[in-house]
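Undergrad: What the sequence shown shows, in the working numbering, is residues 26 to 220, in sequence order.
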Amino acid sequence: MAELALIRTAQGLVPATEADRETVQKWKAGQVVHGKFTRMRNARFHGKFFAMLDLAWEYWEPKGGLIPRQELRGIQGLAKYFEDLNGRPGQLGAAVQAYLDKLEADRADRFPAVDKSREAFREWVTIEAGHYHLVQTPDGIRKEVKSISWAAMDDTSFEPLYRDVFSACWRLVLSAHFESEADAMAAAESMGGFA
Numbered sequence: 026m027a028e029l030a031l032i033r034t035a036q037g038l039v040p041a042t043e044a045d046r047e048t049v050q051k052w053k054a055g056q057v058v059h060g061k062f063t064r065m066r067n068a069r070f071h072g073k074f075f076a077m078l079d080l081a082w083e084y085w086e087p088k089g090g091l092i093p094r095q096e097l098r099g100i101q102g103l104a105k106y107f108e109d110l111n112g113r114p115g116q117l118g119a120a121v122q123a124y125l126d127k128l129e130a131d132r133a134d135r136f137p138a139v140d141k142s143r144e145a146f147r148e149w150v151t152i153e154a155g156h157y158h159l160v161q162t163p164d165g166i167r168k169e170v171k172s173i174s175w176a177a178m179d180d181t182s183f184e185p186l187y188r189d190v191f192s193a194c195w196r197l198v199l200s201a202h203f204e205s206e207a208d209a210m211a212a213a214e215s216m217g218g219f220a
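Right, dumping it as structure tokens:
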């Protein structure tokens, strides 16, 4: 079940964000869609949030291949531990890089195409912003993004989420493309039609 934000216009209900538009486009023409609708308190703020995420998503280029950052940190941390234990910094650098290159090549053979997903990006940046809870899975403990159900979230609880997610977008993506946070915010507002 998809959550969707719509704006009432003279032409009817239209998707509020790019992500909402993508969801609607997946539906067949004439398909009946049923749902409960709740009027949001600040749709403009909601739109700004998704415009900011859309801007960061457009600039984001996946890097690191098929080795998740947590796994990469674990491998590098273990190598550093052994280097420190032996008093020889940098001793394992070449071996670690060779191992990572082989691991990535092996995974590339098994997973030839990986899609860039807007929803996965939104979840990742929200977790990076600190809005997650931990869940136990058969594979171990995992971070799971907290719900951003707009019907249940008032402006007071939404504002820290917005601020934290913008900070994560700035730190992880946008700072490499804009001179200042204000420039990035202006670009997001222009992209979302809020200028």
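From the three backbone atoms N, C-alpha and C, an ideal C-beta is built for every residue, glycine too. Bear in mind the structure is a predicted one, so any value in this text is a computation, not a measurement.
In chain order, what residues of the same chain lie with their CB nearer than 6 Å to the CB of Ala-193, ignoring the 5 residues before and after it?
TA: Position 168 of the sequence shown, counted from the first residue, corresponds to residue 193. Closer than 6 Å at the Cβ level, and outside the excluded window around Ala-193, lie Val-150, Glu-153, Ala-154.
Undergrad: If you follow the alpha helix (DSSP H) that Ile-32 is in, where does it begin and where does it stop?
TA: Residue numbering aside, residue 32 sits at position 7 when the sequence shown is read from its first letter. Ile-32 -> not in any alpha helix (DSSP H); beta strand (DSSP E) instead, spanning 31 to 34.
Undergrad: Lys-51: buried (16+ other C-beta within 10 angstroms of its C-beta) or exposed?
TA: The sequence position of residue 51 within the sequence shown is 26, counting from 1. Lys-51 comes out exposed.
Undergrad: Would you call the CB atoms of Val-170 and Glu-144 closer than 7 Å?
TA: As a working note, residue 170 is residue 145 in the sequence shown. As a working note, residue 144 is residue 119 in the sequence shown. No, they are not a contact pair.
Undergrad: Taking all protein chains shown into account, decide if Thr-42 is buried (16 or more other Cβ within 10 angstroms of its Cβ) or exposed.
TA: For the purposes of this step, residue 42 is taken as the residue at position 17 of the sequence shown. Label assigned to Thr-42: buried.
Undergrad: Pull up the CB-CB distance for Phe-136 and Leu-91, whole angstroms please, since I reckon it's below 8 Å.
TA: Residue mapping note: residue 136 aligns to position 111 of the sequence shown, counting from 1. Residue mapping note: residue 91 aligns to position 66 of the sequence shown, counting from 1. Rounded, the Cβ-Cβ distance is 6 Å, consistent with contact.
Undergrad: Looking at the secondary structure, which residues open and close the alpha helix (DSSP H) in which Leu-38 lies?
TA: Here residue 38 is taken as the residue at index 13 of the sequence shown, counted from 1. Note, Leu-38: premise wrong, no alpha helix (DSSP H); beta strand (DSSP E) at 37 to 40.
Undergrad: Tell whether a beta-carbon distance below 7 Å holds between Leu-125 and Ala-104.
TA: Counted from its first residue, the sequence shown places residue 125 at position 100. Counted from its first residue, the sequence shown places residue 104 at position 79. No, these two residues do not count as a Cβ contact at 7 Å.
Undergrad: Can you tell me whether Val-58 is buried or exposed? The criterion is at least 16 other CB atoms within 10 Å of its CB, across all chains shown.
TA: Position 33 of the sequence shown, counted from the first residue, corresponds to residue 58. Exposed, by the Cβ-count rule.
Undergrad: If you measure between the beta carbons of Leu-197 and Ala-209, is that distance less than 7 Å?
TA: Within the sequence shown, numbered from 1, the residue matching residue 197 stands at position 172. Within the sequence shown, numbered from 1, the residue matching residue 209 stands at position 184. The answer is no: Cβ separation not under 7 Å.
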